[in-house]
Amino acid sequence: MPQVPLADYLILATVLFVIGLVGFLVRRNPITMLMAIELMWNAGNLVFAAFARNFGDMTGQVFVFIVITVAAAEAAISLAIVVMVFRHREDVDVDDISVMRG
Amino acid sequence: MVVLFWVCAIVLVGTAIAVVGSRQPVHSVVGLIVNFSALAVLFLTLSAEFLAMMQIIIYAGAILVLFLFVIALLTVGNQPIETGEGRLAHQTVPAIAAGVAALGLIAFGVRTAWSQSAASPPADLGTVPAFGTALLTTHVFAFEATAFVLLVAIIGVVLMAGRKEIRF
Amino acid sequence: MMIDLVIFLPAIAAIALLCIPRDAQRALRGVALIGALATFVLSLGFITGGFGNEFDQRIPWISGTWTAAYHVHVGGLSVYFVLLTTLVSVAAIWGAFSYSDAGKLRGFLALLLLFETTLLGLFTAADLLLFYVYWDLMLIPVFLLLVGYSGSAEARSAAWSYLLYNGAGGLVLLLGVVGVVLHTGTFEVLGQTYSFGTLENWLFAAFALAFLIKTPSFPFHAWMPPTYTNSPPPLVAMVSGVQSKAGLFGFLVFALPLFPVAAHTWAPVLLVLAVASIVYGAFAALGQRDMKTLVAFSSLSHLGLVVLALFAFDLTSVPGSIVMIVSHGLISAALFLLLGFVEERTGSREIGAFGGLAAHAPRLQALMLVAAMAALGLPGLSGFAGEFLILIGAWQTQPVYTAISLIAIVVASAYVLKMFQAAMHGPESVPGGRTYGDLRAREIWILAPLIAGIFLFGIWPGVLLPGGGSLTGATPAHTVALHGQRPHA
Amino acid sequence: MDKFAALVLVILLLPLAGAVLISFAGPYLPRVAAAVIANGTLLVAFLMTGIVALTGWQATSSGQTIPQHFAYGTWALIPPLKISFGLLIDPLALTWMLIITGVGFLIHLYSVGYMASDRNYRTFFAYMNLFVFTMLLLVMSDNFLWLLVGWGGVGLASYLLIGFYYDRVSAVLAARKALIMNVIGDVGIMIAIFLIYAHLGSAAYSDVFARVASVGAPALTAIGLWLLLGAVAKSAQLPLHTWLPDAMEGPTPVSALIHAATMVTAGVYLIARCYPIYDHAPVAAEVVAVVGATSALFAATIGCVQYDIKRVLAYSTMSQIGYMMFAVGAGAYTAGAFHFLTHAFFKALLFMAAGIVIQNLGGEQDIRKMGGLAGKMPLAFWTFLIGTVAIAGVPPFAGFFSKDAVIDAAIALHHPVLGAFLIIAAFLTAFYMFRLLFLTFFSGAYRGDGAPHDHPMVSMNVPVVVLAILATVGGFLAAPLGAALRLTFVGALHDQDIATINWPVAAGAFLLVVAGIATAYALYQVRPQLRESLIRALAGPRQLVMNAYYLDTVYHWLVEVPAYAIADAAAGFFETFIIRAIPLAASATAAALGGFARAWESGQLRRYGLTIAVGVVLLLAWYVITAYAAASQGVLPQ
């Protein structure tokens, strides 16, 4: 069974990360932006998993698990904030939210 | 194996672009589901069986459902969120430039430094028993800390969502 | 111990002032004056055996990668600066008694005393870190006095320009100090010689820039006219009489001995700046209408002579600059205090706004005449002695620059007379027909020591240089700097 | 310090003591006491100087040598520079000292009466004593530094006394002008001292003059010319003479003492004192001679058309000092000193006689408002007449001998052109002095408004009479003076005998003098109509000369206006737009950076995101580049 080279995984992860990054930077819909963040999380996870296999070490995989957990927590809180901002302003264009006061 | 990787890779990139580019958040969520599933397959090719399961269950199952709920909640009036020019309209070009630059740099670095793969991994890498052993012995502190993070997140969400109005 | 007492006695007096109720005017004045006088008397102890005594005290402070010590030293050059400080401070603090706002007198006196302590600390510092700390500490009392005790919007703006310009100079000095210490590993560089290699030029430039700003020298003097003009007379007497010597002290004690080679490399630039200061200061003084600003620019001109003396690297001009430094301290303090007395009487210091004070204030006229003639460089007074020793020395190595500087002497006669005659001569007139009196006994006694010094050091400048100028070559490093006309020949 | 050294020092310090005493006692001192102190100190100083001079005279004539040089201490010692304080009392110094203290005493005495009603009576005497002290210092010093101290000191005293009536704007301006021009001269002397120190390694006369021969002519010429700058400023020679006529704003005794008898001759003294330098620098000496002769003629022409009695005398002073300058420049140092001596007598006399006239007319100085005063003020008339014939050069009065000595020198030392200048000036001198005499004391009746009255005051009349006698017989001092000065001018290039009169030259000069007197008599006594038509015919040139050839105007436009323009530009434009631009540029840069940062920190989430992204990219780039560089050198492991 021919192995896929490590470098390919890494570059794939980079491409995913960059798509997420650009998405985060150019979109103004907070929900889409959050999904872009999820993409970046996943790109990172892919790197961890690839290296775990490469080094034959479980630490990378454990880290992915923890990242998934934290990502879940992050998503929950972020979405809660989005909901609240929407309630407050009836509008969730990120560019319109530039002050920390309500 | 190589074929599987490339199929997944194409799916991943395509859906990722769809997620970012779609005007409708719901379409994004759908794209994201496909994306996550393809990633789970990649995890399998990396001998990470447990992670593949977690990817499907937590991401596709829990987080994306959360997204769907919020979308459902917010788009009551059906007005699109991104109307007209944003305040940072001319940020697109630098953002893409930065992304491309990052991509190029990393790809260059990776090509230079990680051009060769290591030897074959041990046979039990990524199996559920091995994962469980690692998680609950070596990394038990991180595991506990994650639990604490989740607790904080729960409290935070309850606090924020529980009130009608919050000044922040 | 003796040195510490001299340095901190004014500060102690300042703290004592703060313990006295604000409205106990007599007690406030008494404590402040006694503090300043006691400091002066104690500092006379440094010359009981004549010039050339050495006093030294060292307490280790920081050790490790870099070492520093609380190291204070009086002897050689610093004794002139210390005595000038204590003498001018007595005059300034006594002169401050007539400060108009009685409610603020306490703070005014306390800040003047603190200023004196920072100056004394600076002039006794034998450790570069200590020197730098005092260098920046000096800014605070002056800034506060300008902001809080001058009362005008211009004074507040002057305070900021003073603080920022001199603070910038301090930062540059800090860079230089750090550079030195990275190289030497110790802040106690006095009396040592190091080889800094190519870095030396940059380190010297940093030190020189800070010192030129403080002096000030053309073209870094933008802070000076507003500061001098808006300061209350006692403050400007100290700033111009003493603080302006801090940069020259830095050149003599730190920059020249540490970087003799770079000093010679940079000398052409500094000479041009010096000559520019001398000539430009004189012409700018001639163009002023405000008497205080006029004297301020004359300071620019006169202190340029000292820079010329230092960088002519002549065996006569460098020691001769000591005479100029002491003399300028006395003359400018006396002139600024006198202008303060004039302003108290006439409510103005504008040329042409009043005149003919000689009619009813002959003593004021007489003292002003002495101070003005000394500033003009009249032979026989201290200003001339300083100028002459500097110029005759500088002529031997830099005849062209010296010749150009002589233009300033002619212009000086024009601007000094413009000011003196406008105030004292012509038909008598005072704004609003005020009545005014001659100098009171207190005012005469304030000026008496300054005037006496102007005469003494004019008739016999040798009294300042008993060792035949060897004092300034007290340390080996100085000898390098001075005899280094051909440092690597 | 031996007795002689102490005595000499006392001579110097007595006038200073008087000045200090009067100043410090101030209003607590009775007016009489101030006058007594001032006069007393001078009289004692004069008597002591006389004792010194006689002692020296006796010693030398009996073949002994007596000390001339007295050292007291060190002014400053900064090796290699050493400047001492010492006095040099040789015949040249003694000549000046005797005049300064002697004529000075007479003028002090005169001032007791002349200034009697002035409210600043004490101040006047303090200033006058200060002047005598500084003038003595100037001539007694044994080195250039203390000469310069005295030089500056007389400048100050002159400034104070010109501006004595300080509530008069014209006096204040005149004083300022005098001091500034004198400072120009001081700078000249300073440069000369610097050059002397650079080339000869000392500032003491003895060292300098001993080493002169070892220095090349160019250096000595430069030194001589810079000294000359000092001399022309102090002695009111071309082109720095314009302060002297204005200096007549001072009280008349001041004009007599400072601006006629003593201070203005300091330049002559300086050049005579530096004779070894000029002997070795013929070019510089020639310039001195040219300046002197030209000034003599130049001033004489102006003197012919002035109407202010004191200004006429001022221009005549300038002219007579021109003679002295020419003499010392030509190498006839003794003749110069001789003319200084006689000039001190007759010019002080003229000023004091004029002072009596002015005072008796209530301050009137315009000779057009005088006339016919000969009978009303006999003493003033007779003494003025003696002074006039003395200055004109009528034998046997003093001026005849000294002027003849100078003109002799011009011929003997081959200065035909300059000699011609002097002879023409002699003619003009006789003309304008007699014009002054006629207009003041004759030419019809009194033309003024007030009533002329004569208040004979003993303190004023005595000195005038004494000086009249001296002006009459002063010419016979030539023999002793010449003998004494020969001791000073040892080894001078030209040895001249001032006591011998070259009769053909003297006769010719006298004929011209008679012609001058006759012309004045014709124009001002006999044929006033001729004078009127002459004035009409020569209106243009006359205007030029009356305005002193417009030199004041030229200086105003050439020096004063540009200097103030530069000053205003420096104080205004340059200060505002260049000096203050440095900190302003710094603060503007800081403000611009701050403004940029504030605009960037907009609170926009995506802007922060982009900032982070760019930062990450930069870090990545840095990392990749350095790592690649390291790897390419084989440092980084795979």
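Chains as they are written, first to last, in my numbering: chain A, 56 to 157; chain B, 1398 to 1565; chain C, 3 to 491; chain D, 13 to 650.
C-beta: ideal position from N, C-alpha, C; glycine also.
Exercise. In whole angstroms, what separates the C-alpha of Ile502 of chain C from that of Gln377 of chain D?
Worked result: Chain C is shown only over 3 to 491; residue 502 of chain C falls outside these bounds and no answer can be derived.
Exercise. Given 8 Å as the limit, is there contact between the segment 94 to 104 of chain D and the segment 446 to 465 of chain D, that is, 3 or more CB pairs closer than that?
Worked result: no
Problem set entry | Neighbour-count burial assignment, Met109 of chain D, 16 or more Cβ in a 10 Å radius | Numbered from its first residue, the fourth sequence carries residue 109 of chain D at position 97. Burial call: buried.
Exercise. Cβ of Met1398 of chain B less than 8 Å from any chain A Cβ?
Worked result: Mapped onto the second sequence, residue 1398 of chain B falls at position 1. It does: the Cβ of Met1398 of chain B has a partner Cβ on chain A nearer than 8 Å.
Problem set entry | Proximity test, Cβ basis, 8 Å: Leu93 of chain D and chain C | As a first step, residue 93 of chain D is located in the fourth sequence; it is residue number 81 there, counting from the start. Yes - at least one Cβ of chain C is within 8 Å of the one on Leu93 of chain D.
Problem set entry | Cut-off 6 Å between Cβ atoms - residues of its own chain near Ser159 of chain C, not counting five sequence neighbours on either side | As a position in the third sequence, residue 159 of chain C is number 157, starting the count at 1. Same-chain partners within the cutoff: there are none.
Exercise. In terms of residue numbering, what span does the alpha helix (DSSP H) encompassing Glu27 of chain D cover?
Worked result: Within the fourth sequence, the letter at position 15 stands for residue 27 of chain D. The question names Glu, but residue 27 of chain D is Pro in the sequence shown. Element bounds for Pro27 of chain D: Lys15 to Ala37.
Exercise. Under a CB-based cut-off of 8 Å, is Trp255 of chain D close to chain C?
Worked result: Within the fourth sequence, the letter at position 243 stands for residue 255 of chain D. For Trp255 of chain D, the answer is no, since every Cβ of chain C falls outside 8 Å of its Cβ.
For this session: Have a look at C:Val191, C:Gly123, C:Gln367 and C:Gly464 and flag the residue whose alpha-carbon is nearest the alpha-carbon of Phe422 of chain C.
Result: Sequence index remark: in the third sequence, residue 422 of chain C carries index 420 (1-based). Checking every option, the nearest Cα to that of Phe422 of chain C belongs to C:Gln367.
Problem set entry | Closer than 8 Å at the beta carbon, the chain D residues around Leu80 of chain A | As a position in the first sequence, residue 80 of chain A is number 25, starting the count at 1. Residues of chain D passing the Cβ test: Arg618, Gly621, Leu622 and Ala625.
Exercise. Any beta-carbon of chain D closer than 8 Å to the one on Ser415 of chain C?
Worked result: Working through the third sequence from its first residue, we reach residue 415 of chain C at position 413. True, the Cβ-Cβ gap to chain D drops below 8 Å.
For this session: Go ahead and label Phe488 of chain D buried or exposed: buried means 16 or more other beta carbons lie within 10 angstroms of its beta carbon, across all protein chains shown.
Result: As a working mapping, residue 488 of chain D is identified with position 476 in the fourth sequence. By the 10 Å Cβ count, Phe488 of chain D comes out exposed.
For this session: Below 7 Å CB to CB, which residues in the same chain sit around Ala83 of chain D once its five sequence neighbours on both sides are set aside?
Result: Here residue 83 of chain D refers to the residue found at position 71 when the fourth sequence is read from its first residue. Cβ within range, chain order: Ser96 and Gly98.
Exercise. Just checking my contact of Gly405 of chain D with Gly399 of chain D at CB under 8 Å: how many whole Å lie between their CB atoms?
Worked result: To locate residue 405 of chain D, count along the fourth sequence from 1; it is residue 393. To locate residue 399 of chain D, count along the fourth sequence from 1; it is residue 387. At roughly 12 Å, the Cβ-Cβ gap does not stay under 8 Å, so Gly405 of chain D and Gly399 of chain D are not in contact.
Exercise. Anyone know if the C-beta pair for Leu11 of chain C and Val92 of chain C falls short of 8 Å?
Worked result: The count along the third sequence starts at 1 and reaches residue 11 of chain C at position 9. The count along the third sequence starts at 1 and reaches residue 92 of chain C at position 90. No, Cβ-Cβ distance for Leu11 of chain C and Val92 of chain C is not below 8 Å.
Exercise. Using 8 Å as the limit for Cβ to Cβ distance, is Leu76 of chain A near chain D?
Worked result: Within the first sequence, numbered from 1, the residue matching residue 76 of chain A stands at position 21. So yes, Leu76 of chain A belongs to the interface.
Exercise. Nearest to Leu310 of chain C by CA position, among C:Gly357, C:Leu79, C:Phe285 and C:Leu250, is which residue?
Worked result: Within the third sequence, residue 310 of chain C is the residue found at index 308, counting from 1. Leu310 of chain C has its Cα closest to that of C:Leu250, out of C:Gly357, C:Leu79, C:Phe285 and C:Leu250.
For this session: Would you give the residue range spanned by the beta strand (DSSP E) that Ser96 of chain D belongs to?
Result: The count along the fourth sequence starts at 1 and reaches residue 96 of chain D at position 84. From DSSP, the beta strand (DSSP E) with Ser96 of chain D extends over Leu93 to Leu100.
Problem set entry | Secondary structure of Ile152 of chain A, DSSP reduced to three states | Translated into the one-based positions of the first sequence, residue 152 of chain A becomes position 97. DSSP places Ile152 of chain A in coil when its eight states are reduced to three.
Exercise. Secondary structure at Gly162 of chain D, three-state DSSP: helix, strand or coil?
Worked result: Here residue 162 of chain D refers to the residue found at position 150 when the fourth sequence is read from its first residue. Three-state DSSP puts Gly162 of chain D in a helix.
Problem set entry | Nearest candidate by alpha-carbon position, reference Ala286 of chain C, set D:Ala577, D:Ile624, D:Leu148 and D:Leu630 | Taking the third sequence and counting its residues from 1, one reaches residue 286 of chain C at position 284. If we check each option's Cα against that of Ala286 of chain C, D:Ala577 comes out closest.
Exercise. So, is Arg619 of chain D buried or exposed, given that buried needs 16 or more other C-beta atoms within 10 angstroms?
Worked result: Numbered from 1 along the fourth sequence, position 607 holds the residue referred to as residue 619 of chain D. So Arg619 of chain D ends up on the buried side.
Problem set entry | Minimum Cβ-Cβ distance from Thr318 of chain C to chain D less than 8 Å | Taking the third sequence and counting its residues from 1, one reaches residue 318 of chain C at position 316. Cβ-Cβ to chain D under 8 Å: yes for Thr318 of chain C.
For this session: Reducing DSSP to helix, strand and coil, say where Gly1474 of chain B ends up.
Result: Translated into the one-based positions of the second sequence, residue 1474 of chain B becomes position 77. Model confidence at Gly1474 of chain B stands at a pLDDT of 46, short of 50, so the residue's coordinates are unreliable; what they give is reported in the following sentence. In the structure shown, Gly1474 of chain B sits in coil (DSSP, three-state: anything other than H, G, I, E or B).
For this session: Anything in chain A within Cβ reach of Ser1444 of chain B, meaning under 7 Å, just list it in chain order.
Result: The residue labelled residue 1444 of chain B in the question sits at position 47 within the second sequence. By Cβ distance, chain A contributes Arg108.
Problem set entry | Closer than 7 Å at the beta carbon, the chain D residues around Val149 of chain A | The sequence position of residue 149 of chain A within the first sequence is 94, counting from 1. Going along chain D in sequence order, the residues near Val149 of chain A (Cβ under 7 Å) are Leu617 and Arg618.
Exercise. Should Ile590 of chain D be labelled buried (16 or more other beta-carbon atoms within 10 Å of its own) or exposed?
Worked result: Here residue 590 of chain D corresponds to residue number 578 of the fourth sequence, with the count starting at 1. It counts as exposed.
Exercise. Mapping DSSP to helix, strand and coil, what is Pro62 of chain C?
Worked result: Translated into the one-based positions of the third sequence, residue 62 of chain C becomes position 60. In the structure shown, Pro62 of chain C sits in a strand (DSSP, three-state: E or B).
Exercise. For Leu147 of chain C, which option in C:Tyr134, C:Leu132 and C:Leu165 has the closest C-alpha, if you only look at C-alpha atoms?
Worked result: Position 145 of the third sequence, counted from the start, is the residue given in the question as residue 147 of chain C. Checked all of C:Tyr134, C:Leu132 and C:Leu165; the closest Cα to Leu147 of chain C is C:Leu165.
For this session: Just tell me which of D:Ala641, D:Ser644 and D:Gly621 has its CA closest to the CA of Gly75 of chain A.
Result: Residue mapping note: residue 75 of chain A aligns to position 20 of the first sequence, counting from 1. It is D:Gly621.
Exercise. Taking DSSP as the reference, what is the three-state secondary structure of Asn232 of chain C?
Worked result: Against the third sequence, residue 232 of chain C aligns to sequence position 230. Looking at Asn232 of chain C - three-state DSSP - the assignment turns out to be helix.
For this session: Counting only the same chain and skipping the five closest in sequence on each side, list residues whose C-beta sits under 6 Å from that of Ala392 of chain D.
Result: The residue labelled residue 392 of chain D in the question sits at position 380 within the fourth sequence. Correct list, in chain order: Ala365, Ile368 and Val369.
Exercise. Any idea which residues DSSP pairs Val76 of chain C with across the strands?
Worked result: Along the third sequence, one-based indexing puts residue 76 of chain C at 74. Val76 of chain C is bridged to C:Phe57.
Problem set entry | Between the CA atoms of Leu139 of chain C and Lys246 of chain D - distance to the nearest angstrom | On the fourth sequence, position 234 is the one that residue 246 of chain D refers to. On the third sequence, position 137 is the one that residue 139 of chain C refers to. About 51 Å.
Exercise. Do you know offhand how far Glu572 of chain D's Cα is from Leu207 of chain D's?
Worked result: In the fourth sequence, residue 572 of chain D corresponds to position 560, counting from 1. In the fourth sequence, residue 207 of chain D corresponds to position 195, counting from 1. The straight-line gap from Cα to Cα measures roughly 28 Å.
For this session: Give the DSSP-derived three-state secondary structure of Ala81 of chain D in the structure shown.
Result: Taking the first residue of the fourth sequence as position 1, residue 81 of chain D is located at position 69. The residue asked about is misnamed: residue 81 of chain D is His in this sequence, not Ala. It is a strand residue.
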